[in-house]
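Protein chains in written order, with the working numbering: chain D, 1 to 111; chain H, 112 to 222. Only one structure is covered here, and it is reproduced in the block below.
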Amino acid sequence: DSGVTQTPKHLITATGQRVTLRCSPRSGDLSVYWYQQSLDQGLQFLIHYYNGEERAKGNILERFSAQQFPDLHSELNLSSLELGDSALYFCASSSTGYGYTFGSGTRLTVV
Amino acid sequence: GEDVEQSLFLSVREGDSSVINCTYTDSSSTYLYWYKQEPGAGLQLLTYIFSNMDMKQDQRLTVLLNKKDKHLSLRIADTQTGDSAIYFCAESITAGTALIFGKGTTLSVSS
Numbered sequence: 001d002s003g004v005t006q007t008p009k010h011l012i013t014a015t016g017q018r019v020t021l022r023c024s025p026r027s028g029d030l031s032v033y034w035y036q037q038s039l040d041q042g043l044q045f046l047i048h049y050y051n052g053e054e055r056a057k058g059n060i061l062e063r064f065s066a067q068q069f070p071d072l073h074s075e076l077n078l079s080s081l082e083l084g085d086s087a088l089y090f091c092a093s094s095s096t097g098y099g100y101t102f103g104s105g106t107r108l109t110v111v
Numbered sequence: 112g113e114d115v116e117q118s119l120f121l122s123v124r125e126g127d128s129s130v131i132n133c134t135y136t137d138s139s140s141t142y143l144y145w146y147k148q149e150p151g152a153g154l155q156l157l158t159y160i161f162s163n164m165d166m167k168q169d170q171r172l173t174v175l176l177n178k179k180d181k182h183l184s185l186r187i188a189d190t191q192t193g194d195s196a197i198y199f200c201a202e203s204i205t206a207g208t209a210l211i212f213g214k215g216t217t218l219s220v221s222s
C-alpha cells in the first residue's frame, strides 16, 4: 500500500457520460498530480494541485477538470466521454517535491 | 522542449545484469527518476538522482547520469524473474514540478 488511495479501481461507462475519479494523497502530502496512461500516448501529465490551488496544467482536455478540497483529497472530473478517453488514470502525491508516490490507478473503460 | 526517450524492450537471462537506458532533452532537469510498473499495478518509485550526482547505488540498483550527453541508465545486478516489469525514466525540472515520463522499457527475464 503506497498510502495514495484511488477510487474506484475500475469504471465502465458509456460515451457522452460524466465520471468522477477520486484520489486521497498520503498523509501530510500537499501536492496531487493527475496522469493518464494509455497504450499510444504513454503517461501524460494532466494537472497539478498544491494545497487546494492549481499549480500547473499539462495535456488536459477542456472536457476534463479537477479540484483539490480542504482535506487535500482531489477529484478528476471527465465529461462528454469518448472511446479514446479509455485509459488508466493515476494520481500521485508529494510533500518534498521529489519522490512522488503513485496510487494504484483507476481503469476507465468507455463503451 | 521536454522529451524523454527509452528503448521499448529488453530481454535478459536470470542472473545476468540488465541495463536500461534513457535520454532526456531538457538540460535544466534537476531530478531524474526510475519507476517500475508491474502488470495491473501502479508505479513504484525505485530510485532517483539529483543532477549534481554522477552515480547512485542502492542494493542491486545502480543509476548512472551523464549530464553532458543527457543520458541516464539503470543497472539491475543479478536480475531475477520478479524484476520483469515496465521501467519508466522520468525527469522534473525543479522540485515539485510534474514528472515527464518516457514511454517505458519492458524488461523480460527468462529463467
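Yeah, the Cβ is synthetic: ideal placement off N, Cα and C, and Gly gets one too.
So, at 7 Å on beta carbons, what are the nonlocal neighbours of residue i in its own chain, with the 5 sequence-adjacent residues on each side left out?
i	result
D/I12	T109, V111
H/D127	T190
H/S222	E125, T192
D/T15	L81, E82, L83, V110
Can a CB atom of chain D be found closer than 8 Å to the CB of residue i?
i	result
H/A196	no
H/F212	yes
H/F199	yes
H/Y135	no
H/L156	yes
H/G112	Annotation note: pLDDT 46 at H/G112 (below 50); position unreliable, coordinate value reported separately. With 8 Å as the cut-off, H/G112 does not count as an interface residue toward chain D.
H/E116	no
H/G215	yes
Following the continuous beta strand (DSSP E) through residue i, name the residue where it begins and the one where it ends.
i	result
D/E75	74 to 78
D/Y35	31 to 38
H/S203	196 to 203
H/A135	According to the sequence provided, residue 135 of chain H is Tyr. The question's Ala does not apply to it. Per DSSP, H/Y135 belongs to the beta strand (DSSP E) from 129 to 135.
D/F64	64 to 68
H/S139	Unbroken run through H/S139: none, as it is neither H nor E.
Anyone know if the C-beta pair for residue i and residue j falls short of 8 Å?
i	j	result
H/I131	H/L172	no
H/S195	H/V220	yes
D/Y89	D/L21	yes
H/I211	H/S129	no
H/D169	H/T158	yes
D/S104	D/Q41	no
D/S80	D/S31	no
H/A201	H/Y144	yes
D/G52	H/A209	no
D/R26	D/V4	yes
H/T261	H/S162	This structure leaves residue 261 of chain H out entirely; chain H is present only between 112 and 222.
Quick one: does residue i have its CB under 8 Å from some CB of chain H?
i	result
D/Y98	yes
D/T109	no
D/G103	yes
D/G69	Here residue 69 of chain D turns out to be Phe, not Gly, going by the sequence shown. Answer no: the Cβ-Cβ gap between D/F69 and chain H never drops below 8 Å.
D/L11	no
D/G42	yes
D/F64	no
D/S38	no
How would you list, in chain order, the residues of chain H whose beta-carbon sits under 8 Å from the beta-carbon of residue i?
i	result
D/G168	In the structure displayed, chain D extends from 1 to 111; residue 168 of chain D sits before or after that span and is not available.
D/S79	Ordered by position in chain H, no residue passes the 8 Å Cβ test against D/S79, which lies about 23 Å from the chain.
Quick one: list the residues of chain H neighbouring residue i, beta-carbon separation under 7 Å, in chain order.
i	result
D/Y89	Residues of chain H passing the Cβ test: none, with the nearest at roughly 11 Å.
D/H73	The premise fails here: D/H73 is roughly 17 Å from chain H at the closest Cβ pair, so nothing lies under 7 Å.
D/S2	G153
Starting from the beta carbon of residue i, find every residue of chain D whose beta carbon is closer than 7 Å, and list them in chain order.
i	result
H/Y142	Y98
Looking only at its own chain, which residues have a Cβ that is under 6 Å from the Cβ of residue i, when we skip the five neighbours before and after it?
i	result
H/E149	A196
D/R107	H10, L88
H/T136	D114
I want to verify the contact list: residues of chain H whose CB lies under 9 Å from the CB of residue i, in sequence order.
i	result
D/Y33	A209, L210
D/S94	A206, G207
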